[in-house]
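Before any comments, here is the structure.
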Amino acid sequence: KNEVEQSPQNLTAQEGEFITINCSYSVGISALHWLQQHPGGGIVSLFMLSSGKKKHGRLIATINIQEKHSSLHITASHPRDSAVYICAVENYGGSQGNLIFGKGTKLSVKP
Amino acid sequence: NAGVTQTPKFQVLKTGQSMTLQCAQDMNHEYMSWYRQDPGMGLRLIHYSVGAGITDQGEVPNGYNVSRSTTEDFPLRLLSAAPSQTSVYFCASSYWGGAEKGNEQFFGPGTRLTVL
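In the order they appear, the protein sequences are chains A and B. Residue 375 in the working numbering sits at position 50 of the first sequence, and the numbers go up by one each step. Residue 519 in the working numbering sits at position 54 of the second sequence, and the numbers go up by one each step.
This is how it looks when you write it as structure tokens:
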């Protein structure tokens, strides 16, 4: 069983829709990261969460430590949001900066 | 700042050849790492370094060597390339950004390697 599971694997949405991507993990963590991988391959960090909720523009990330679950929401989705969204966790007690990655969720937003 | 740079962007090797993937960062980050990304799988850690002169193995280290002689550079060496090493390789660096940002991650653009 993978330590970090994401759902769905693929997601197609119409422009303007509210989108939710889920991440569940089975290990104790010190932090959870949401990353975005552009169609060209580049990876950028969106959020780091250790508790609660963060918001940046149209993106909202939440984490429930007790349930070992995190969600990434995109409000008013746009075709430029089309990308692979990756959840990654820092294993508690692991070496600083080492991440365990989910397989990613490929999002396609149609105009 | 250039951030994290990787060279080359693309490389084709024959089985048994050796090569070095270059990675450099100009942000003075202590932590650097190499990942490989394969279809249908998440990124997997190959090797990492918590500072100059210190390296350690990750999840999939076999067939790869690293060294960290300076804070800026973290090259990845393929000793004798095999088709199973066909992948996209990402170098990353991070620093502790405090309680708000945690270990903020910065990724290079990737190197697409094909081993024939």
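Note that the Cβ used here is the ideal one computed from N, Cα and C, for glycine as well.
query                                                                                                               : result
Residue-level contact to chain A via CB, Val477(B), 9 Å cutoff                                                      : no
Val621(B) versus Leu581(B), Leu543(B) and Thr536(B), residue with shortest Cα-Cα distance                           : Outside the modelled stretch of chain B, which goes from 466 to 581, sits residue 621(B), for which no answer is possible.
N- and C-terminal bounds of the beta strand (DSSP E) containing Gly516(B)                                           : Arg509 to Gly516
Residue from Glu330(A), Ser396(A) and Ala356(A) with nearest C-alpha to Ser380(A)                                   : The identity of residue 380(A) in the sequence shown is Lys, whereas the question assumes Ser. For the residues Glu330(A), Ser396(A) and Ala356(A), the minimum Cα distance to Lys380(A) belongs to Ser396(A).
Euclidean distance between Cα positions of Ala547(B) and Thr480(B)                                                  : 5 Å
Among Ser433(A), Phe426(A) and Lys431(A), nearest to Val329(A) - alpha-carbon criterion                             : Phe426(A)
Ala564(B) (DSSP reduced to helix, strand or coil)                                                                   : helix
Under 9 Å between C-beta atoms of Leu478(B) and Leu543(B)                                                           : yes
Counted within 10 angstroms of its Cβ, other Cβ atoms place Phe571(B) as buried (16 or more) or exposed             : buried
Per DSSP, the bridge partner or partners of Met373(A)                                                               : His358(A)
Any 3 or more C-beta pairs closer than 8 Å across the segment 501-519 of chain B and the segment 428-436 of chain A : yes
Three-state class that DSSP yields for Ser402(A) in the structure shown                                             : coil
Under 7 Å by beta carbon: chain B residues contacting Ile368(A)                                                     : Phe555 and Phe572
Classification of Leu581(B) by the beta-carbon crowding that lies within 10 angstroms, buried from 16 upward        : exposed
CB contact flag (Val553(B), Gly575(B), <9 Å)                                                                        : yes
Three-state secondary structure assigned by DSSP to Ser559(B)                                                       : strand
Bridge-paired residues (DSSP) for Phe571(B)                                                                         : Ser558(B)
Residue burial classification, His363(A) (beta-carbon count within 10 angstroms, cutoff 16)                         : exposed
Own chain residues within Cβ distance below 6 Å of His394(A), not counting five before or after                     : Ser349
Counterpart residues of Asn530(B) in DSSP-defined beta bridges                                                      : Arg542(B)
DSSP state of Gln522(B) mapped onto helix, strand, coil                                                             : strand
Residues that Gly505(B) contacts on chain A, provided the C-beta gap is smaller than 8 Å                            : Lys428
Uninterrupted alpha helix (DSSP H) stretches inside the segment 484-510 of chain B (no shorter than 4 residues)     : none
Residue from Tyr529(B), Glu565(B), Met497(B) and Leu578(B) with nearest C-alpha to His358(A)                        : Glu565(B)
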